[in-house]
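Data block below; observations after.
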Amino acid sequence: MKVKLVKLTSIAFLMACALAVVLMGSHKSQDGVEYQSNTGLGNAETLVARYQAWEAGYVKSAGEGNIVLPLAPSKTLSTEVVDAGGQAKINVINGTVDVEVTGLPRSEEWDVWVIDNISGPNMTIMPEQGDVMIRLGTLKHEGKTARLHTVLDTAITAKLDPDLAVLTRAGKDPVSDRTLGGMITLYQEMYLSKLRGNFGVLSDVDSPAPKPAEERSLWARIVEAVSPTAKADLGPIPNATTALQQLINSGRNDFFNQTFDGNGRTCGTCHREDQNLTINPQFIATLPPNDPLFAAEFTPALSQNFENPVLMRNFGLILENPDGMDDLPNKFVMRGVPHTLALQDNTLTPVSGGADGTTIPPNERVGWGGDGAPVSPPGKPFLLFDGNTRQANGSLVDFIIGAIIQHYPKTLARKPFTVPGAAFDFRLPTQAELNELVAFQKSTGRRIDPDLSLLQLKGAVPKRGQAIFTDPNLGKCFFCHFNAGASDFFFPQQNSNFNTNVEQLPDKPADLIQPPQPNPHDGGFGRGVPPPGVFGIGNGTFNTPVLVEAADTGPFFHNNAISTIEGAVDFYNSAAFNNPPGFGAQIGGIRLEATQVVAVAAFLRVLNTAENIRSAGDLAKRGKLANLADGKVLINLSISETNDAIGVLVAGGLHGEAQIDLRQALTFLTQAAATTNLTTRNSRLDQALAQFTAAMNEIIAVNVPAFQF
2 MKVKLVKLTS
12 IAFLMACALA
22 VVLMGSHKSQ
32 DGVEYQSNTG
42 LGNAETLVAR
52 YQAWEAGYVK
62 SAGEGNIVLP
72 LAPSKTLSTE
82 VVDAGGQAKI
92 NVINGTVDVE
102 VTGLPRSEEW
112 DVWVIDNISG
122 PNMTIMPEQG
132 DVMIRLGTLK
142 HEGKTARLHT
152 VLDTAITAKL
162 DPDLAVLTRA
172 GKDPVSDRTL
182 GGMITLYQEM
192 YLSKLRGNFG
202 VLSDVDSPAP
212 KPAEERSLWA
222 RIVEAVSPTA
232 KADLGPIPNA
242 TTALQQLINS
252 GRNDFFNQTF
262 DGNGRTCGTC
272 HREDQNLTIN
282 PQFIATLPPN
292 DPLFAAEFTP
302 ALSQNFENPV
312 LMRNFGLILE
322 NPDGMDDLPN
332 KFVMRGVPHT
342 LALQDNTLTP
352 VSGGADGTTI
362 PPNERVGWGG
372 DGAPVSPPGK
382 PFLLFDGNTR
392 QANGSLVDFI
402 IGAIIQHYPK
412 TLARKPFTVP
422 GAAFDFRLPT
432 QAELNELVAF
442 QKSTGRRIDP
452 DLSLLQLKGA
462 VPKRGQAIFT
472 DPNLGKCFFC
482 HFNAGASDFF
492 FPQQNSNFNT
502 NVEQLPDKPA
512 DLIQPPQPNP
522 HDGGFGRGVP
532 PPGVFGIGNG
542 TFNTPVLVEA
552 ADTGPFFHNN
562 AISTIEGAVD
572 FYNSAAFNNP
582 PGFGAQIGGI
592 RLEATQVVAV
602 AAFLRVLNTA
612 ENIRSAGDLA
622 KRGKLANLAD
632 GKVLINLSIS
642 ETNDAIGVLV
652 AGGLHGEAQI
662 DLRQALTFLT
672 QAAATTNLTT
682 RNSRLDQALA
692 QFTAAMNEII
702 AVNVPAFQF
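Taking our numbering, the leading residue of the sequence shown gets 2, the next gets one more, and so forth.
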């Protein structure tokens, strides 16, 4: 009897341990960091939808089976500047390789390399000993273009993950000599995995491998191991995840927890998940004094020329060096923190041919200026975005690396990790970490912009605001914000830059504070000599943001000059916008009466509320499928979205009945987060979802797919 008691006790103990793991949903990454097995604001279905839209265009332009890598001066990769550019096209099906580069000096010979970046301890995105490096051959000069055609063994291309393409001088290796370079994108990695019959399973991933769908539960396996005669099969492990969910989950962990061995900051330091992936002065005021956001205040090596604590705390402004780091005391700008929701393809895609006034635009629009990565480290060339030097690809990947260099260092030397034992200020990410970070960022928010031609609102004031917004003779908002998104009427599905002249507003809050603080004019895109009427380095244009999420992500504009959505709408009545070189002068000016300003703002508030409800509903639905710990994270995010929806409506005096529905949903969500009973939790979530539906029906008469959950 004693033996049986011990065995049963052991079973009970192990089952309790298993249950704790299952309910808590905890995992460890390869670096030992604990993280929760959910994707938070990220959604694998959203990522897949965006990938599918990308794939259709990519295959049409690049051809089936091709991975096209840019060869351009890279702010991350290049060891010197050469005014040249091109691409390497590698067909992973038949092994053909075609490389074309224009602008190279004919007096020299150049080798092309493809690199499979190995992720692991002491490894980064840079070419390093231990990576797989394949020399494709030497370019042959043909007039102004240098070309290479070769064929790789298909046994190689079947397994090769072409993370980087690098151009070196003939006889040099990519570890020490890199003139041009380019990185694979996440979507290309996903395309490669699809071609190989394992969609979403990337070779450069540090996260745990997904469990087969038929695998028995952890509880069942432990019971069976301890007592082979027990016949227990309790179904799949809660939160069984797909490969892409694992990727997004790892990216979320990186985004909010990975410091890259720097000063303690993470992406989430400025892009908080419960603050719409941004921060504002009101939130900053709630942070403890030792929060990494305030690194400049408690780190002597960062006390000068790293941040301006006065402007940060009062106005939410962050110091940036988009024009180079060769003169830190004088060459900087102060910018707000843009949210990173709905980074869909039309948000990142520039107009072709520089039709919006930008010259040789980068491949993706990233950041307030839309010109890619913000910095280069000291001692490396800063690559110009003024048309005089060919651009790096300006991708989200480049921007992530630039943000690490800008915001994460321990000192202003900004020295990256190179070899163990050497002093460093931060480490560069691995290819796996870049894939993960991009996956998370491209999986948040809406999948599509709302079709305003089909969307029918309730409420006389918001409906009038919608009519003004889309009226080409009155509000003219459609010209720059087609369907309230980031693409414009002139170039649909492309994300243009415009000079709104917001820098010329008088009495900007950051200019009024006493004692006066350094706050240089911001020239926006590029590093060229500014045109007449534009101050600061750049051409005066800034990237167009989406408007659906605008009402709860203020302050507004790149310099946080306006605090309310009504004030932001009213800016387009201003002399600054309507006089040259402001864009308003090009479209005949805008003049709205005060009541019309309020109406447009009410329309934007309702759009924002609809997106809040969609997001809250999606999070609640996913919370029903999660274990207790992961579910609580998702429910708390749903609570944040619901509070935002209520706040947006209250501030505009809109839709009292919807406010009642949302407050009732908030009660159910709070109860769901507090209970430890899964049945009770899911019942409360169902009740919350019903209230979300009721609230949506109070504000929208005919809904569109963008706001469905």
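Here a beta-carbon is modelled for each residue, glycine too, at the ideal position from N, C-alpha and C. These numbers were taken from a predicted model, which means no experiment stands behind them.
What alpha helix (DSSP H) runs, 4 residues minimum, are completely inside the region 85 to 159? For the region 85 to 159, whole alpha helix (DSSP H) runs of length 4 or above, ordered along the chain, are 155 to 158.
Buried or exposed: which applies to Lys443, given that a residue is buried once 16 or more other Cβ atoms fall within 10 Å of its Cβ? buried
At which residues does the alpha helix (DSSP H) containing Asn561 begin and terminate? Asn561 -> no alpha helix (DSSP H), and no H or E assigned at all.
Using a Cβ-Cβ cutoff of less than 6 Å, which residues in the same chain neighbour Gly104 once the five nearest sequence positions on both sides are dropped? Asp84, Ala85
Taking three-plus beta-carbon pairs below 8 Å as touching, is the region 51 to 62 in contact with the region 110 to 130? The region 51 to 62 vs the region 110 to 130: no contact.
Could you give the C-beta distance for Val334 and Pro521, rounded to a whole number, given that I count them as a contact under 8 Å? 6 Å
When you compare the CB positions of Thr554 and Asn277, do they come within less than 8 Å of one another, or not? In this structure, the beta-carbon distance from Thr554 to Asn277 falls below 8 Å.
What would DSSP say about Pro71, mapped onto helix, strand or coil? strand
On the three-state DSSP scale, how would you describe Gly43? strand
Identify, in the order they occur along the chain, each residue of the same chain with its Cβ nearer than 6 Å to the Cβ of Asp328, setting aside the five sequence neighbours on each side. none
Excluding the 5 residues flanking Leu438 on each side, which residues of the same chain have their C-beta closer than 8 Å to its C-beta? Taken in chain order, the residues that qualify are Gly252, Asp255, Phe256, Cys268, Ile401, Pro430.
Own chain residues within Cβ distance below 7 Å of Glu274, not counting five before or after: Gly41, Leu42, Phe257, Leu638
Roughly how many whole angstroms lie between the Cα atoms of Asn389 and Gly653? Interpretation of Asn389 is limited by its pLDDT of 33, a score under 50 that renders its predicted location unreliable; the figure taken from the coordinates is listed afterwards. So the alpha carbons of these two residues sit roughly 48 Å apart.
Hey, out of Thr676, Ser396, Ile135, whose CA is closest to Ala630's CA? Thr676
Rounding to the nearest angstrom, what Cα-Cα distance links Leu193 and Ala89 in this structure? 16 Å
Find the nearest neighbour of Leu511 within the set Phe543, Asp262, Asp164, Ser564, judged by alpha-carbon distance. According to the sequence as given, residue 511 is Ala; it is not Leu. Ranking the options by Cα distance to Ala511, first place goes to Ser564.
Could you pull the DSSP bridge partners for Gln457 from this structure? Val703
Residues that DSSP places opposite Arg170 in a beta bridge: Trp111
Note down the Cα distance separating Met134 from Gly96, rounded to an integer number of angstroms. 16 Å
Could you spell out where the alpha helix (DSSP H) holding Glu642 opens and where it closes? 629 to 653
Indicate whether the contact test is met: 3 or more Cβ pairs, each with one atom in the region 502 to 516 and one in the region 563 to 580, closer than 8 Å. yes
Option in Arg615, Pro556, Glu365, Gly138 with minimal Cα separation from Ile640: Arg615
What residue from Ala404, Asn484, Asp154, Leu397 has the CA that sits closest to Gln259's CA? Ala404
Taking the CB atoms as reference points, tell me whether Ala549 and Ala621 lie closer together than 8 Å. One point to set straight first is that residue 549 is Val, not Ala, in the sequence displayed. No, the pair does not count as a contact, with Cβ atoms beyond the cut-off.
Using the Cα positions of Ala600 and Phe710, report the straight-line distance between them to the nearest angstrom. 27 Å
Pull the bridge partners of Met184 from the DSSP assignment, please. Leu165
I'd like to know if the region 524 to 533 and the region 277 to 295 are in contact, where contact means that at least 3 CB-CB pairs between them fall below 8 Å. Flag = no, the region 524 to 533 and the region 277 to 295 do not touch.
List the whole-angstrom C-beta distance separating Thr151 from Leu168, where the pair is believed to meet the contact cut-off of C-beta under 8 Å. Thr151 to Leu168, Cβ: 15 Å. No contact.
When we look at the beta-carbon of Thr406 and count the other beta-carbons within 10 Å, is it buried (16 or more) or exposed? Note on identity: in this sequence residue 406 is Ile, with Thr being the wrong assignment. Buried, by the Cβ-count rule.
Expected contact under 8 Å - CB spacing of Asn264 and Thr300 to nearest Å: 6 Å
Proximity test, Cys271 beta-carbon vs the ligand ZN heavy atom, cut-off 7 Å: This structure does not include the ligand ZN; it has no bound ligands of any sort.
Could you round the C-beta distance between Ala171 and Glu110 to whole angstroms and report it? I think they count as a contact, below 8 Å. 4 Å
Taking the alpha-carbon positions, what's the Ala595 to Lys459 distance? 21 Å
With the cut-off set at 8 Å, would you say Thr350 and Gln189 are in Cβ contact? No; because the gap between Cβ atoms is not below 8 Å, this pair is not in contact.
Assigned secondary structure, Asn315 (DSSP; H/G/I helix, E/B strand, else coil): helix
Helix, strand or coil for Pro293? Go by DSSP, reduced to three states. In the three-state scheme derived from DSSP, where H, G and I count as helix and E and B as strand, Pro293 is classed as helix.
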